[in-house]
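Encoded as structure tokens, the structure appears first; notes follow it.
2 protein chains.
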Amino acid sequence: MTAEIISVGTELLLGQILNSDAQYLARELSAYGYNLYYQVTVGDNMDRLCQCLKTALGRSDVVLLSGGLGPTEDDMTKEAVSAVFGLEMELDEASKSEIQCFFAARNREMTPNNLRQAMFPKGSIVLPNARGTAPGCIVEKDGKAAIVLPGPPHELIDMFDRHARGYLAKKSDAKIVSRVLRIFGMGESSVEHRVRDLMDGANPTLAPYASVGEVTLRLTAKVGAGESAGALLDPLTDEVISRLGDLVYTTANEKLEELAVRLLKENAKTLALAESCTGGLVAEKITDVPGASEVLLEGVVAYSNAAKMRRLGVNEATLEQFGAVSEQTASEMAEGAKNSSGADYGLSLTGIAGPGGGTAEKPVGLVYIALAGGGETFVKKLRLGGDRARIRTMSALYALDLLRRRLCSLPLETDK
Amino acid sequence: MTAEIISVGTELLLGQILNSDAQYLARELSAYGYNLYYQVTVGDNMDRLCQCLKTALGRSDVVLLSGGLGPTEDDMTKEAVSAVFGLEMELDEASKSEIQCFFAARNREMTPNNLRQAMFPKGSIVLPNARGTAPGCIVEKDGKAAIVLPGPPHELIDMFDRHARGYLAKKSDAKIVSRVLRIFGMGESSVEHRVRDLMDGANPTLAPYASVGEVTLRLTAKVGAGESAGALLDPLTDEVISRLGDLVYTTANEKLEELAVRLLKENAKTLALAESCTGGLVAEKITDVPGASEVLLEGVVAYSNAAKMRRLGVNEATLEQFGAVSEQTASEMAEGAKNSSGADYGLSLTGIAGPGGGTAEKPVGLVYIALAGGGETFVKKLRLGGDRARIRTMSALYALDLLRRRLCSLPLETDK
Numbered sequence: 001m002t003a004e005i006i007s008v009g010t011e012l013l014l015g016q017i018l019n020s021d022a023q024y025l026a027r028e029l030s031a032y033g034y035n036l037y038y039q040v041t042v043g044d045n046m047d048r049l050c051q052c053l054k055t056a057l058g059r060s061d062v063v064l065l066s067g068g069l070g071p072t073e074d075d076m077t078k079e080a081v082s083a084v085f086g087l088e089m090e091l092d093e094a095s096k097s098e099i100q101c102f103f104a105a106r107n108r109e110m111t112p113n114n115l116r117q118a119m120f121p122k123g124s125i126v127l128p129n130a131r132g133t134a135p136g137c138i139v140e141k142d143g144k145a146a147i148v149l150p151g152p153p154h155e156l157i158d159m160f161d162r163h164a165r166g167y168l169a170k171k172s173d174a175k176i177v178s179r180v181l182r183i184f185g186m187g188e189s190s191v192e193h194r195v196r197d198l199m200d201g202a203n204p205t206l207a208p209y210a211s212v213g214e215v216t217l218r219l220t221a222k223v224g225a226g227e228s229a230g231a232l233l234d235p236l237t238d239e240v241i242s243r244l245g246d247l248v249y250t251t252a253n254e255k256l257e258e259l260a261v262r263l264l265k266e267n268a269k270t271l272a273l274a275e276s277c278t279g280g281l282v283a284e285k286i287t288d289v290p291g292a293s294e295v296l297l298e299g300v301v302a303y304s305n306a307a308k309m310r311r312l313g314v315n316e317a318t319l320e321q322f323g324a325v326s327e328q329t330a331s332e333m334a335e336g337a338k339n340s341s342g343a344d345y346g347l348s349l350t351g352i353a354g355p356g357g358g359t360a361e362k363p364v365g366l367v368y369i370a371l372a373g374g375g376e377t378f379v380k381k382l383r384l385g386g387d388r389a390r391i392r393t394m395s396a397l398y399a400l401d402l403l404r405r406r407l408c409s410l411p412l413e414t415d416k
Numbered sequence: 001m002t003a004e005i006i007s008v009g010t011e012l013l014l015g016q017i018l019n020s021d022a023q024y025l026a027r028e029l030s031a032y033g034y035n036l037y038y039q040v041t042v043g044d045n046m047d048r049l050c051q052c053l054k055t056a057l058g059r060s061d062v063v064l065l066s067g068g069l070g071p072t073e074d075d076m077t078k079e080a081v082s083a084v085f086g087l088e089m090e091l092d093e094a095s096k097s098e099i100q101c102f103f104a105a106r107n108r109e110m111t112p113n114n115l116r117q118a119m120f121p122k123g124s125i126v127l128p129n130a131r132g133t134a135p136g137c138i139v140e141k142d143g144k145a146a147i148v149l150p151g152p153p154h155e156l157i158d159m160f161d162r163h164a165r166g167y168l169a170k171k172s173d174a175k176i177v178s179r180v181l182r183i184f185g186m187g188e189s190s191v192e193h194r195v196r197d198l199m200d201g202a203n204p205t206l207a208p209y210a211s212v213g214e215v216t217l218r219l220t221a222k223v224g225a226g227e228s229a230g231a232l233l234d235p236l237t238d239e240v241i242s243r244l245g246d247l248v249y250t251t252a253n254e255k256l257e258e259l260a261v262r263l264l265k266e267n268a269k270t271l272a273l274a275e276s277c278t279g280g281l282v283a284e285k286i287t288d289v290p291g292a293s294e295v296l297l298e299g300v301v302a303y304s305n306a307a308k309m310r311r312l313g314v315n316e317a318t319l320e321q322f323g324a325v326s327e328q329t330a331s332e333m334a335e336g337a338k339n340s341s342g343a344d345y346g347l348s349l350t351g352i353a354g355p356g357g358g359t360a361e362k363p364v365g366l367v368y369i370a371l372a373g374g375g376e377t378f379v380k381k382l383r384l385g386g387d388r389a390r391i392r393t394m395s396a397l398y399a400l401d402l403l404r405r406r407l408c409s410l411p412l413e414t415d416k
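Protein chains in written order, with the numbering used here: chain A, 1 to 416; chain B, 1 to 416.
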């Protein structure tokens, strides 16, 4: 079963609003096993909207339209559906009463153009709008269906939940189940190089996605009646893990910071942070996880040498001899964070995020990460590329990964 | 001049990611006077992508494509452009060298498929990628142009800024000049209510945009030959400021943290931070500004009472009597940060970000911000709504705004 989304609204084409409706509908269609090949955004223009709808009905079984249900002349989605399906518009008395009640309840005057919201292509299934004045509708003809929904996201989601979801589930011929594996420590092309042959499978499929520093592999299975999603997804999951090993840090789509907080809780361990180049980014990520306060005792953002000495007990001699960006300073920062807070682990970062501050000996992108705890201190040296934002983000991710590796008793050295 | 956007990526059609690229490009095209009638999203499928591109070139002068530039077999945007334009693919030696350098600098292995990223339709203007390995390109033929950009938003925006912006401006038949006013401390609908009548103007136009906690007003003027952008934009700017006063914190599109760092530098003042509920977010924002190390002496993330006492000198009696989330604790945190670091200002935040931890007396969303310096300490009490992420972000913005107000000698009380 194929579907298509048409988002209607000039404000979308002017970039004034973000099209979150399209993402929501796409995700739901995928979950019900519909193949979505196209999503089109078009403005409030009758000719262009009719053209898009004709094209969509020519290549898809179900077309979802969002937006253009308001009371103004600009709003013409139902009229376009009526024109393309060759159906007259007719008044829906129930909708008319509801719109009248809506205005009466708010003590507001109803204008004649609000009645346009009670007009539908003949034979429509009318979908009441619990969050606003514009009802939607489902129109069927010649084996094709158009589902017309309002544009404001809270109205669209509510109407979809109440009325469109059941319709789509009933009409669907398959169920789709996805599993997300997240990988840290290897670039997208290297990951793909190692799993390329697995990407040719039809069911389940395997697809890589990349963001700064992380690669995600999505396994998607089409599950027929009587089939088990696990039976389809488990063998492929195992094969990927056998190739990428502990670079795969989750099969449950957790972020590194979520995993780190969970592992600290499960191990009943606490953490203290000492950040220089990342300036609080690691603390910010960790405290973004609800309940982080149970495991993060404190963090220090120590940019200056004075702060490193006063707050973390770094020796002046160490700073003089090796500099603030050095293995030795990173060690003393991590140990200072751990010892002064009483935490089980101290994690530190010191480096040169740029754009200024680099030298030939210590270039922009040189970062040291240290993890103190369990009687030892491990230091990792990174040479990162990219701009300030990338260097800071990558440093934070490497630090979280180092913590994960320690908590899972995995090798701390990860250079390939 | 008409334009069209084609967003390429099966992950978009599965609803896995939000298409923020399309909004960004739509807004920029509008600012340069292009008419955008269609935006289409299509998956990683050669036939369907070629079909969309043919249709787009048939009805638009310029087609912007985003996504599908990665090193994998799934990435086929350049190949589709080459097929539809009837141009062979050829190796760009400069891109090849850059990709090799990218991998060498990171001490990572370059796989053969990375070389695909150095292949372009013959005659392309190659657009270097400062944020990743995938260069983009501009391809022109028979009066039509395709601009191929990477999918990850930070790469797309950077490449657009450096290379596509100038190309589009030159090609446009209108010169469009924009000015961005940023507003903190008032919601979008209230801002809109106060400037609504100004939004009816044709030249310059005024359009509001909202993100978490901030409202942006974009003034856009279409400037004819011999006209001055300033003469068009200045009166409208003055009118907006006369209505919104010091809620307008910049007419130069600076972020609050950029403004705060600049003001600290200009006033030769230093800052220390003490964060509880924001967990390093303020530090992270400030240190995201290059050169922040000159003004930020240090930051402390003090979640626990123990850390508040040890790191910031908060009195045990204060914590016992008033609690960690109180005006008194906020004051002592700010003063402690200032005094122990020797900074001119100490800025603190303590509150309940949720989802847990709230009580009837101290509900989720209660946040105190304190600013110590210049012989006094000012405390602001906030009652914020929304989820954990919103409460943390709003708290950080209020703290930065408080600092701005102090440094500009503006009233610190801002309740309307």
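Where is the CB? At the ideal position from N, CA and C, for every residue including glycine. No experiment lies behind these values; they were computed from the predicted model shown.
Per DSSP, reduced to three states, the secondary structure at GLU11 (chain A) is helical. With respect to the 8 Å criterion, ALA31 (chain B) and SER178 (chain B) are classified as neighbours on the basis of their beta carbons.
Taken in chain order, the complete beta strand (DSSP E) segments of 3 residues or longer contained in the segment 195-259 of chain A are 205-211, 214-223, 248-250.
Residue state for LEU87 (chain B) is assigned as coil, using DSSP reduced to three classes. For THR10 (chain B), the nearest beta carbon of chain A is closer than 8 Å to its own beta carbon. Taking 8 Å as the Cβ-Cβ cut-off, the segment 18-30 of chain B approaches chain A at LEU18, ASN19, SER20, ALA22, GLN23, TYR24, LEU25, ALA26, ARG27, GLU28, LEU29, SER30, given in chain order.
Around the beta carbon of GLU28 (chain B), 16 or more other beta carbons sit within 10 angstroms, so the residue counts as buried.
As far as DSSP is concerned, PRO411 (chain A) takes part in no beta bridge.
Against chain A, the CB of SER304 (chain B) has a partner CB under 8 Å away; the residue lies at that interface. Each of A:MET76, A:LEU149, A:ARG383, A:ALA353 was checked against the Cα of ILE125 (chain A), and the nearest Cα belongs to A:LEU149. For CYS50 (chain A), the enclosing alpha helix (DSSP H) stretches over residues 46-59.
Under the 8 Å criterion on CB atoms, GLU258 (chain A) is classed as non-interfacial with respect to chain B. For GLY9 (chain B), the closest alpha carbon among the candidates B:GLU227, B:GLU73, B:ASP61, B:ASN35 is that of B:GLU73. Taking the beta carbon of PRO355 (chain A) as reference, the chain B residues within 8 Å of it are PRO290, listed in sequence order.
For VAL180 (chain B), the uninterrupted beta strand (DSSP E) run begins and ends at 175-184, by DSSP. Of all residues in the segment 341-355 of chain A, only SER341, GLY342, ALA353, GLY354, PRO355 place a beta-carbon less than 9 Å from a beta-carbon of chain B. Excluding its 5 nearest sequence neighbours in each direction, SER172 (chain B) has C-beta neighbours in its own chain below 7 Å: MET1, TYR32, GLY33, TYR34, listed in chain order. Of all residues in the segment 203-219 of chain A, the ones placed with a Cβ closer than 8 Å to any Cβ belonging to chain B are ALA207, PRO208, TYR209, ALA210, SER211, VAL212, ARG218, in chain order. Counting C-beta pairs with one atom in each stretch, the segment 201-214 of chain B and the segment 385-399 of chain B have three or more that are closer than 8 Å, which means they touch.
Between VAL81 (chain B) and ALA145 (chain B) the beta-carbon gap is near 10 Å, outside 8 Å, which marks them as no contact. When Cβ-Cβ separations below 8 Å define contact, ASP387 (chain A) makes contact with chain B.
Per DSSP, the beta-bridge partners of MET119 (chain A) are A:LEU91. For VAL301 (chain A), the chain B residues whose C-beta falls within less than 8 Å of its own C-beta are LEU273, GLY280, ALA283, THR287, LEU296, GLU298, GLY299, VAL300, VAL301, listed in chain order.
In the three-state reduction of the DSSP assignment, TYR368 (chain B) falls in the strand class, which pools E and B.
Leaving aside the five residues that flank ALA260 (chain A) on each side, the residues in its chain whose CB is nearer than 7 Å to its CB run, in chain order, ILE286, LEU400, LEU403, ARG404. Non-local beta-carbon contacts of ASN267 (chain A) in its own chain, meaning distances under 8 Å to residues more than five positions away in sequence, involve LEU407 in chain order. Looking only at B:GLY386, B:SER331, B:THR359, B:GLY70, the smallest Cα-Cα distance to GLY373 (chain B) is reached by B:SER331. Around LEU412 (chain A), the same chain offers PHE378, ARG405 as residues with beta carbons nearer than 6 Å, after the five sequence neighbours per side are excluded. Looking at the backbone, the Cα of ALA105 (chain A) and that of THR111 (chain A) are separated by about 15 Å.
Shown in chain order are the members of the segment 70-85 of chain B whose Cβ falls below 8 Å from a Cβ of chain A: GLY70, PRO71, THR72, GLU73, ASP74. Between the segment 338-350 of chain B and the segment 261-280 of chain B there are three or more C-beta pairs closer than 8 Å, enough to call the two in contact. CA-to-CA, the gap between GLN321 (chain A) and ALA292 (chain A) works out to about 36 Å.
Within chain B, the C-beta atoms nearer than 8 Å to that of ALA307 (chain A) come from LEU297, GLU298, SER341, in chain order. Any Cβ of chain B closer than 8 Å to the Cβ of ARG390 (chain A) would place that residue at the interface, and such an atom is present. Under the DSSP definition of a beta bridge, SER348 (chain B) partners with B:ALA274, B:ALA370. Listed as beta-bridge partners of ILE5 (chain B) by DSSP are B:GLN39, B:LEU64.
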